Amino acid sequence: MGRRDLWVYLLVALGGAWLVALPLWLAGGLGSGFPWLAGVMMFTPTLGVLAVRLLDRRVPAREWARATGLTFGPRKGRTVVLLLAAWLGPPLISAAAVALSAAVGVLAVDFDFSLMREAMGGAPPIGVGTIVLIQLVSMVLFVPLINSVLAFGEEWGWRGWLLPRLTEFGTWPALLLSGLVWGVWHAPLTLLGYNYPQLGPWAAVLFTGFCVIYGVLMGWLRLYSGSVWPAVLCHGSFNASAGLPMILGSAAEPPNVVIAGITGLVGWALMAALALLVTRRWRLDRAPQPVAAA
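Read in order, the letters of the sequence shown are residues 127 to 420 in the working numbering.
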């Protein structure tokens with residue numbers, strides 16, 4: 127098949143994202159339909175995987191499922207441990223990014239939750255502190271599991287199929303390239319200012335850089351376990367906890383998300399350090415070698 131499968135996958139995943147996001151562009155921005163369209167868009171990488179499967183069905187279904195990470199991998203105990211790390215790791219990293227941002231003076235933390243009060247407008251039916259506590263508990267215990275339903279739509283494509291497919295170029299090139307493609311895939315949204323609204327279209331460049339760094343961590347989870355599920359849960363958990371600066375921030379000095387928090391430059395530094403640590407301490411050349419589903 128050569129690399130036809132790769133081009134088909136990219137065409138469906140990236141082209142599908144633009145088709146889904148087209149109403150936002152026609153409307154001129156991230157309007158009221160954004161949450162629904164973004165949710166649908168998250169399944170275009172899965173459509174890419176299915177398109178590749180339709181190209182060549184000679185590989186038995188069970189082998190295909192194993193190659194794309196739908197099983198728990200050859201060492202199920204390791205995968206369970208990594209699932210726990212993927213669940214709890216993102217909120218810990220997010221909290222560390224907030225703490226470091228505050229320590230270096232790029233984030234004003236307000237434990238009176240003035241930014242939350244401002245966002246809620248009028249007086250809430252219960253205390254703001256209670257609302258924040260419920261949010262914090264939910265973002266750790268429940269929301270990651272709910273988010274993982276949508277996260278699967280992306281991760282079966284990025285880490286399930288694409289990452290192993292790119293390992294023919296080498297492990298590190300595959301990790302970096304898959305993260306780059308993941309970042310570019312967000313362009314229909316980030317060119318409209320998604321995640322970094324103050325940057326306008328330049329948000330696409332910054333978020334692509336974030337995806338490359340964070341993609342190394344999620345790619346390591348995929349390759350070290352032989353399963354896509356740790357990456358799925360990690361993605362869902364990240365989406366649950368990324369907004370922590372907006373919960374703990376000050377209305378007088380709103381967070382600059384380009385710098386502060388897990389998606390800001392402070393978070394980049396933390397995740398890059400963590401990526402170097404895990405890839406050196408638990409080396410991928412000692413992990414199960416991926417088999418591309420091609």
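Quick reminder that beta carbons are idealized off the backbone N, C-alpha and C, glycines included.
Quick caveat, the model's predicted, so the values are computed rather than measured.
Legend entry - Endpoints, alpha helix (DSSP H) assigned at asparagine 273: To locate residue 273, count along the sequence shown from 1; it is residue 147. It spans 269 to 281 - the alpha helix (DSSP H) in which asparagine 273 sits, taken as one unbroken run.
Legend entry - valine 254 versus alanine 187 - alpha carbon distance: Within the sequence shown, numbered from 1, the residue matching residue 254 stands at position 128. Within the sequence shown, numbered from 1, the residue matching residue 187 stands at position 61. So the alpha carbons of these two residues sit roughly 51 Å apart.
Inset, instruction - Kindly indicate if chain B contains any beta-carbon less than 9 Å away from that of tryptophan 308. - result: Among the chains of the structure shown, chain B does not appear; only one protein chain is present.
Inset, instruction - Determine the extent of the alpha helix (DSSP H) in which asparagine 365 is found, giving its start and end residues. - result: For the purposes of this step, residue 365 is identified with residue 239 of the sequence shown, where counting begins at 1. 355 to 367 is the extent of the alpha helix (DSSP H) around asparagine 365.
Inset, instruction - Have a look at glutamate 294 and tyrosine 320 and give me their C-alpha separation to the nearest angstrom. - result: Your numbering for residue 294 matches position 168 in the sequence shown. Your numbering for residue 320 matches position 194 in the sequence shown. When rounded, the distance between both Cα atoms is 33 Å.
Inset, instruction - For glycine 375, write down the residues that DSSP places opposite it in a beta bridge. - result: Against the sequence shown, residue 375 aligns to sequence position 249. DSSP lists Val235 as partners of glycine 375.
Inset, instruction - Tell me, to the nearest whole angstrom, how far the beta carbon of alanine 395 is from that of asparagine 273; I am working on the premise that it is less than 8 Å. - result: Taking the first residue of the sequence shown as position 1, residue 395 is located at position 269. Taking the first residue of the sequence shown as position 1, residue 273 is located at position 147. Contact doesn't hold; Cβ gap of about 25 Å is too wide.
Inset, instruction - Give me the Cβ distance between alanine 143 and proline 314, rounded to the nearest whole Å; I'm assuming they're in contact under 8 Å. - result: Working through the sequence shown from its first residue, we reach residue 143 at position 17. Working through the sequence shown from its first residue, we reach residue 314 at position 188. Yes, alanine 143 and proline 314 are in contact; Cβ-Cβ is about 5 Å, under 8 Å.
Inset, instruction - Give me the Cβ distance between leucine 370 and alanine 221, rounded to the nearest whole Å; I'm assuming they're in contact under 8 Å. - result: Stepping through the sequence shown from its first residue, residue 370 is reached at position 244. Stepping through the sequence shown from its first residue, residue 221 is reached at position 95. Leucine 370 to alanine 221, Cβ: 7 Å. Contact.
Legend entry - Straight-line gap, methionine 397 to glycine 215 (C-alpha atoms, nearest Å): Within the sequence shown, the letter at position 271 stands for residue 397. Within the sequence shown, the letter at position 89 stands for residue 215. Their Cα atoms are separated by approximately 11 Å.
Inset, instruction - Assess, as a yes-or-no matter, whether the region 274 to 291 is touched by the region 175 to 193 under the definition of 3 or more beta carbon pairs within less than 8 Å. - result: yes
Legend entry - Beta-carbon contacts of valine 146 that lie in its chain and below 7 Å, excluding the five residues immediately before and after: To locate residue 146, count along the sequence shown from 1; it is residue 20. Only Leu163, Val166, Met167 and Thr170 meet the Cβ criterion.
Inset, instruction - Would you kindly work out how many angstroms separate the C-alpha atoms of arginine 204 and arginine 407, rounded to a whole number? - result: In the sequence shown, the residue the question calls residue 204 occupies position 78. In the sequence shown, the residue the question calls residue 407 occupies position 281. So the alpha carbons of these two residues sit roughly 15 Å apart.
Legend entry - DSSP three-state assignment for isoleucine 257, whether helix, strand or coil: Here residue 257 refers to the residue found at position 131 when the sequence shown is read from its first residue. Isoleucine 257 falls in the helix class under three-state DSSP.
Legend entry - Check whether glycine 296 and valine 338 have beta carbons under 9 Å apart: Your numbering for residue 296 matches position 170 in the sequence shown. Your numbering for residue 338 matches position 212 in the sequence shown. Cβ distance not < 9 Å, so glycine 296 and valine 338 don't count as in contact.
Inset, instruction - Return helix, strand or coil for threonine 194, following the three-state DSSP convention. - result: One-based indexing of the sequence shown puts residue 194 at position 68. In the structure shown, threonine 194 sits in coil (DSSP, three-state: anything other than H, G, I, E or B).
Inset, instruction - Would you check if there are 3 or more beta carbon pairs closer than 8 Å linking the region 233 to 247 to the region 377 to 392? - result: yes
Inset, instruction - Could you work out which residue in Phe268, Glu189 and Gly341 is closest to serine 363 when comparing CA atoms only? - result: Numbered from 1 along the sequence shown, position 237 holds the residue referred to as residue 363. Looking at the Cα atoms, Phe268 is the closest of the given residues.
Legend entry - Residues near phenylalanine 243 by beta carbon distance below 6 Å, same chain, minus five either side: Mapped onto the sequence shown, residue 243 falls at position 117. Here residue 243 is arginine; the residue named in the question, phenylalanine, does not match the sequence. Closer than 6 Å at Cβ, skipping near neighbours: Val254.
Inset, instruction - Would you identify the three-state DSSP class for tyrosine 322, choosing helix, strand or coil? - result: The residue labelled residue 322 in the question sits at position 196 within the sequence shown. In the structure shown, tyrosine 322 sits in coil (DSSP, three-state: anything other than H, G, I, E or B).
Inset, instruction - Please look up how many angstroms separate the CB atoms of histidine 312 and phenylalanine 333, rounded, as I've assumed it's under 8 Å. - result: Position 186 of the sequence shown, counted from the first residue, corresponds to residue 312. Position 207 of the sequence shown, counted from the first residue, corresponds to residue 333. Rounded, the Cβ-Cβ distance is 6 Å, consistent with contact.
Inset, instruction - Determine the burial state of alanine 82: buried for a count of at least 16 other Cβ atoms within 10 Å of its Cβ, exposed for fewer. - result: The question about residue 82 has no answer, for the chain in this structure spans 127 to 420.
Legend entry - Pick from Phe336, Leu210, Ala377 and Ile373 that is closest to leucine 271, judged by C-alpha positions: As a first step, residue 271 must be located in the sequence shown, where it is residue number 145. Ranking Phe336, Leu210, Ala377 and Ile373 by Cα distance to leucine 271 puts Leu210 first.
Inset, instruction - Could you spell out where the alpha helix (DSSP H) holding methionine 242 opens and where it closes? - result: For the purposes of this step, residue 242 is taken as residue 116 along the sequence shown, with counting starting at 1. Where methionine 242 is concerned, the enclosing alpha helix (DSSP H) stretches over 240 to 246.
Inset, instruction - Report buried or exposed for arginine 192, applying the criterion of at least 16 other Cβ atoms within 10 angstroms of its Cβ. - result: By one-based count along the sequence shown, residue 192 stands at place 66. Under this definition arginine 192 is a buried residue.
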